[in-house]
Amino acid sequence: MNVIEAEHLSKTFRVKQKEKGMRGSLKAIFHPQTEEINAVNNVSFSVQEGEMLAFIGPNGAGKSTTIKMLTGILYPDGGKVEVLGIDPTKQRRALSYQIGTVFGQKEQLWTHLTPYDNFRFFGAIYDIGANEIESRIGMLSDTFDLGSFLNTPVRNLSLGQRIRCEIVASLIHRPKVLFLDEPTIGLDPVVKENIRSLIKQMNRELHTTIFLTSHDIGDIEKLCKRIIIVNSGQIVLDDSMEHLKYHYLNKKILEVKLQEETALPQVNGITLLKQKGSHIKLEVDTTVIKINDALHNIDTEHVEDINISNVPLENIIMEIYSSEKV
Amino acid sequence: MRKYAVIYRSILMENLQYAMNVIMGFITYFMIVFILMQLWNYMYSNPADLIAGYSRQQMIWYVMITETIWFGTRTATVTNQVTADIKGGNIAYLMNKPYHYTLYILTKYTGEWSIRLPIYAVFAAAVGVIMVGRLPDFHIITLLAAIPSVILGITIQGVFKLCISLISFWIEDSNPFQWIYDKLILVIGTIFPVEIFPETLQPLLKLTPIYTVCYGPAKLLVDFQMDKYLEILLAQVLYLGLGILLMFFLYGKGVKKLYVNGG
Chain C
1 MNVIEAEHLS
11 KTFRVKQKEK
21 GMRGSLKAIF
31 HPQTEEINAV
41 NNVSFSVQEG
51 EMLAFIGPNG
61 AGKSTTIKML
71 TGILYPDGGK
81 VEVLGIDPTK
91 QRRALSYQIG
101 TVFGQKEQLW
111 THLTPYDNFR
121 FFGAIYDIGA
131 NEIESRIGML
141 SDTFDLGSFL
151 NTPVRNLSLG
161 QRIRCEIVAS
171 LIHRPKVLFL
181 DEPTIGLDPV
191 VKENIRSLIK
201 QMNRELHTTI
211 FLTSHDIGDI
221 EKLCKRIIIV
231 NSGQIVLDDS
241 MEHLKYHYLN
251 KKILEVKLQE
261 ETALPQVNGI
271 TLLKQKGSHI
281 KLEVDTTVIK
291 INDALHNIDT
301 EHVEDINISN
311 VPLENIIMEI
321 YSSEKV
Chain A
1 MRKYAVIYRS
11 ILMENLQYAM
21 NVIMGFITYF
31 MIVFILMQLW
41 NYMYSNPADL
51 IAGYSRQQMI
61 WYVMITETIW
71 FGTRTATVTN
81 QVTADIKGGN
91 IAYLMNKPYH
101 YTLYILTKYT
111 GEWSIRLPIY
121 AVFAAAVGVI
131 MVGRLPDFHI
141 ITLLAAIPSV
151 ILGITIQGVF
161 KLCISLISFW
171 IEDSNPFQWI
181 YDKLILVIGT
191 IFPVEIFPET
201 LQPLLKLTPI
211 YTVCYGPAKL
221 LVDFQMDKYL
231 EILLAQVLYL
241 GLGILLMFFL
251 YGKGVKKLYV
261 NGG
């Protein structure tokens, strides 16, 4: 069952333009000029119940605008959108009971109150009974391990603790779809890993659909099974993570440490990325040359150490960002 | 309604931590009230004089009450915060909750003034009794009767200031409009009662929010009359209804024009 359906979704912004200098400022008073920007242009996709989807793209690609249209914050200029069978533009409040949002760069918690008071507040605004709120706070507090700082004002919490509380505040009403906009921004690797495993657990146990945007490849790689890449307001790739890796991982990185500095022969399909003394880093295109044949071009008798790895997902995504529509 | 009661309770809990900050505001309040006291003492060369129907004590108490309402309800929640929410895009993160943004802001405003105003009222009453003497013919029943009018006046003030802030959906900066509105309320209604102005102007002033925000509640406290009470309450209910309709209209139209930067 699809929980999100977007068909030919479009959003255009009119942005004020001003010529440089004082003259430009004066001219703008009498002849204001605007430029139309297609933030989202004819975007169509659907998301299934329980899916964990990464919706990514470079800055200004239109991902946040798309999330805001899906959550009823922005009105689309064209196309149709339905989340859980609800039109967000017409029934924003009804939808708010069914979805949760975490914006990593924006606080929704009241900083002068404790997490406990915040959760009671959010529970009440979602019309949950007092006893039920207590039981949910207890359960989520155990799951997210908030016990030690449940009664500390939010302003005194560390970033990692605060983000955990932000996620709990978004889950207090048991949303069916959770929109996470850069939930791990600014967190250290240990806390990031912790947050990711909690999101996974939540998806597994509560079957919550996760719609994630992030610039952190770790978030995408470790959480999502499907990826949508947007650039310049359009979808440039909509594929499973497995498929993406299979199709784009035809290049291998070969790192070799030789006993002495050696000049390598020029071979089609092998690109020298870096050489520092006897250390060599090569990229092998396996559609042109097999990895075994590539190794034969190296003086294997004098190899001290060798490492073969895939091209990092980050590089693949960068390549897709910079390419035209796939 | 329960969710707005919870918002109100949360604001009270948050603001109680800053009750001491309110006390610091008394210094400014006292300076202004002291200057106005000296001004009116000078105007009433003979203490038995009546100016526009007010005795010297009534006039000074009137100014002290309006200034108390002014200071006790002074908050950025319905002004700068709303403007910043709209211009900075923070409104996006408040809109997708199951409450109405404008009612959420008004509840926050109510939570703030319900801490500040009683503190100012106690301070003002003490200053008034010590420096001016008891308000003539004042009974506790007058205070109880005037309380609904004070609450309505403050709410009207919040609604109209919020309406002005909502203009930020269309224009870059609504602060100049706030400034004009504030100065009108301050001059016509706060520092001077409506009766001071020419008789030809008074019917016009009665049609403005000034009549319902400051003048009405203060007039009832210094000179309670039943017919005036009913007239003021009726005007306040009408003004509040009109203001709320305008507020919903502006918000409904404006939110469709919302432009939120990415991030």
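Protein chains in written order, with this note's numbering: chain C, 1 to 326; chain A, 1 to 263.
Note that CB positions come from ideal geometry on N, CA and C, so glycine has one too.
As the structure is a prediction and not an experimental result, all values here were calculated from the model.
Query                                                                                                                  : Result
Proximity test, Cβ basis, 8 Å: residue 197(C) and chain A                                                              : no
Extent of the continuous beta strand (DSSP E) to which residue 79(C) belongs                                           : 78 to 83
Per-residue burial, residue 54(C) [other beta carbons within 10 Å of its own, 16 or more giving buried]                : buried
Distance between residue 226(C) and residue 215(C) (C-alpha atoms, nearest Å)                                          : 15 Å
Terminal residues of the beta strand (DSSP E) in which residue 7(C) lies                                               : 2 to 17
Spatial distance of residue 3(C) from residue 36(C) (CA atoms)                                                         : 31 Å
Beta-carbon neighbours of residue 92(A), restricted to chain C and to distances below 7 Å                              : 68 and 73
Segment limits, beta strand (DSSP E) that includes residue 63(C)                                                       : Not the beta strand (DSSP E): residue 63(C) falls in the alpha helix (DSSP H), residues 63 to 70.
Where the stretch 116 to 142 of chain C meets chain A: residues whose CB sits under 8 Å from a CB there                : 117, 120, 121, 124, 125, 126 and 127
Residues of the stretch 191 to 218 of chain C with Cβ closer than 8 Å to any Cβ of chain A, in chain order             : none
Residue-chain proximity (residue 6(A), chain C), Cβ-Cβ < 8 Å                                                           : yes
Listed by chain order, chain C residues near residue 74(A) by CB distance under 9 Å                                    : Under the 9 Å cutoff, chain C gives no residues; its nearest Cβ is about 20 Å from residue 74(A).
Nearest neighbour of residue 51(C), chosen from 272(C), 258(C), 138(C) and 220(C) [CA to CA]                           : 220(C)
Beta-carbon neighbours of residue 113(C), restricted to chain A and to distances below 8 Å                             : 10, 13 and 14
Same chain, Cβ closer than 8 Å to residue 114(C), neighbours up to 5 away in sequence not counted                      : 150, 151, 152, 153 and 154
For residue 100(C), the three-state DSSP class (helix, strand or coil)                                                 : strand
Local conformation of residue 48(A) per DSSP, three classes                                                            : coil
Residue 243(C) classed as buried or exposed, judged by whether at least 16 other C-beta atoms fall within 10 angstroms : exposed
Residue 5(A), buried or exposed, once every other Cβ within 10 Å from all chains shown has been counted against 16     : exposed
Selection from 126(C), 99(C) and 257(C) that minimises the alpha carbon distance to residue 279(C)                     : 257(C)
Euclidean distance between Cα positions of residue 202(A) and residue 194(A)                                           : 6 Å
8 Å Cβ cutoff, residue 108(C) in contact with chain A                                                                  : yes
Pairwise C-alpha distance: residue 32(A) and residue 38(A)                                                             : 10 Å
Straight-line Cα distance separating residue 258(A) from residue 74(C)                                                 : 7 Å
Rounded separation between residue 1(C) and residue 81(C) - CA only                                                    : 15 Å
Same chain, Cβ closer than 6 Å to residue 263(A), neighbours up to 5 away in sequence not counted                      : Interpretation of residue 263(A) is limited by its pLDDT of 43, a score under 50 that renders its predicted location unreliable; the figure taken from the coordinates is listed afterwards. Same-chain partners within the cutoff: there are none.
Nearest candidate by alpha-carbon position, reference residue 5(C), set 43(C), 198(C) and 292(C)                       : 43(C)
CB contact check: residue 101(C) to chain A, cutoff 8 Å                                                                : yes
Short CB-CB distance (under 8 Å) between residue 155(C) and chain A                                                    : no
Reference residue 283(C), options 289(C), 292(C), 273(C) and 277(C), closest by Cα                                     : 273(C)
Own chain residues within Cβ distance below 8 Å of residue 128(C), not counting five before or after                   : 136, 172 and 173
Alpha-carbon spacing of residue 149(A) relative to residue 233(A), whole angstroms                                     : 6 Å
CA nearest to the CA of residue 1(A), picked from 228(A), 103(A) and 167(A)                                            : 103(A)
Between the CA atoms of residue 58(C) and residue 326(C) - distance to the nearest angstrom                            : Low confidence applies here, because residue 326(C) scores a pLDDT of 42, under 50, leaving its location unreliable and the question unanswered by this model.
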